[in-house]
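Under UniProt numbering, the residue at position 59 of the sequence shown is numbered 59, and the numbers go up by one with no gaps.
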Amino acid sequence: MMTTVLSLGFARIRRRIQKHHFNEEHHVDFFGERLIVTVTHTPSVIRRWIYSIRFFSRRSSHPLVVGLGVQWTPGGSYPPPDTLQLGVGIRCLIIQLSHCKRMPNVLRSFLEDETITFVGVWNSQDKDKLERSHHQLDIWRLVDIRNYLPRWLWKCTFERIVEECLEHQGVKKDKEICRSNWGARSLSDDQIVQAYDVFVCCKLGVKERVWKMRA
């Protein structure tokens with residue numbers, strides 16, 4: 001196991017690499033909250049993560065809300081998705097779609113579960129991207145958190161939304177990182193830190209009780 005700690009703007013990342021489990025585990029400090037980010041392309045790791053989420057959420061007072069994001073590398077007329085990011089509480093998972101040979105059925109069942117609400121932001125392409133990918137992943141219900149916020153926030157940036165709703169300043173989606181190579185075998189620290197995206201979406205989804213109404 002190798003551990004390194006890096007500071008990246010408002011976030012601090014502690015990397016723990018566990019090669020024998022075919023995944024990388026990273027700890028990202030986000031305004032005092034420690035996010036556990038798992039990066040993998042291995043079905044067994046994906047399966048274990050979902051089982052743990054099911055276990056920890058079984059006594060929750062509300063239906064499961066999952067932050068969801070999709071990243072792809074710009075190029076061509078319709079570039080395929082390279083990563084699928086999921087977040088529940090402080091636990092985040094980055095699935096390297098472009099390096100996965102197959103998807104476990106438990107992931108498909110998870111995404112298609114009618115009791116779960118998946119939440120993203122500015123995500124109009126995400127559902128279609130996953131459905132048209134070679135893995136053909138379907139999502140039962142994916143919403144855009146903006147539709148549950150005050151109308152004046154609908155066209156605001158991610159940074160403004162986080163500042164207004166969570167009172168955290170300087171949290172923005174860096175265009176250079178968003179347009180980077182998400183199909184790389186080893187993701188950069190900047191890319192991994194972007195997991196705060198799904199963490200925030202999950203947190204806002206719970207705060208706005210998205211399971212109670214449909215946009």
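Idealized CB from N, CA, C, for every residue including glycine.
C-alpha gap between Leu93 and Lys207, whole angstroms: The residue you call residue 93 lines up with position 93 of the sequence shown. The residue you call residue 207 lines up with position 207 of the sequence shown. Approximately 21 angstroms between the Cα atoms of the pair.
Under the three-state DSSP convention, the category Val162 falls into: Along the sequence shown, one-based indexing puts residue 162 at 162. The answer is helix: DSSP assigns Val162 an H, G or I state.
Does DSSP classify Val171 as helix, strand or coil? The residue given as residue 171 occupies position 171 in the sequence shown. It is coil, neither helix nor strand.
Assuming Asp113 and Trp140 make a contact with CB atoms under 8 angstroms, what is their CB distance in whole Å? In the sequence shown, counting from the first residue as 1, residue 113 sits at position 113. In the sequence shown, counting from the first residue as 1, residue 140 sits at position 140. About 6 angstroms; that satisfies the 8 angstroms criterion.
Work out the CA separation of Ala184 and Met2 for me, nearest whole Å. Translated into the one-based positions of the sequence shown, residue 2 becomes position 2. Translated into the one-based positions of the sequence shown, residue 184 becomes position 184. Residue placement at Met2 cannot be trusted, given a pLDDT of 49 that sits under 50; what the coordinates show is reported in the next sentence. Rounded to the nearest angstrom, the two C-alpha atoms are 20 angstroms apart.
Using a Cβ-Cβ cutoff of less than 7 angstroms, which residues in the same chain neighbour residue 216 once the five nearest sequence positions on both sides are dropped? Look at the range of the chain in this structure, 1 to 215, and you will see that residue 216 is not part of it.
Counterpart residues of Thr117 in DSSP-defined beta bridges: For the purposes of this step, residue 117 is taken as the residue at position 117 of the sequence shown. Thr117 pairs with Val65.
Which stretch, first to last residue, makes up the beta strand (DSSP E) that contains Ile95? One-based indexing of the sequence shown puts residue 95 at position 95. That run of the beta strand (DSSP E) goes Arg91 to Gln96.
Does residue 225 pass the burial test, meaning 16 or more other C-beta atoms within 10 Å, or should it be called exposed? In the structure as shown, the chain starts at 1 and stops at 215, and residue 225 therefore has no counterpart that could be examined.
Among Thr38, Glu167 and Phe158, which has the Cα closest to the Cα of Asp174? For this step, residue 174 is matched to residue 174 along the sequence shown. The option with the nearest alpha carbon to Asp174 is Phe158.
Cα-Cα separation, Cys165 to Val39: As a working mapping, residue 165 is identified with position 165 in the sequence shown. As a working mapping, residue 39 is identified with position 39 in the sequence shown. Taking the straight line joining both Cα atoms gives about 28 angstroms.
Run of the beta strand (DSSP E) containing Leu84, from where it starts to where it stops: Taking the first residue of the sequence shown as position 1, residue 84 is located at position 84. Element bounds for Leu84: Thr83 to Val88.
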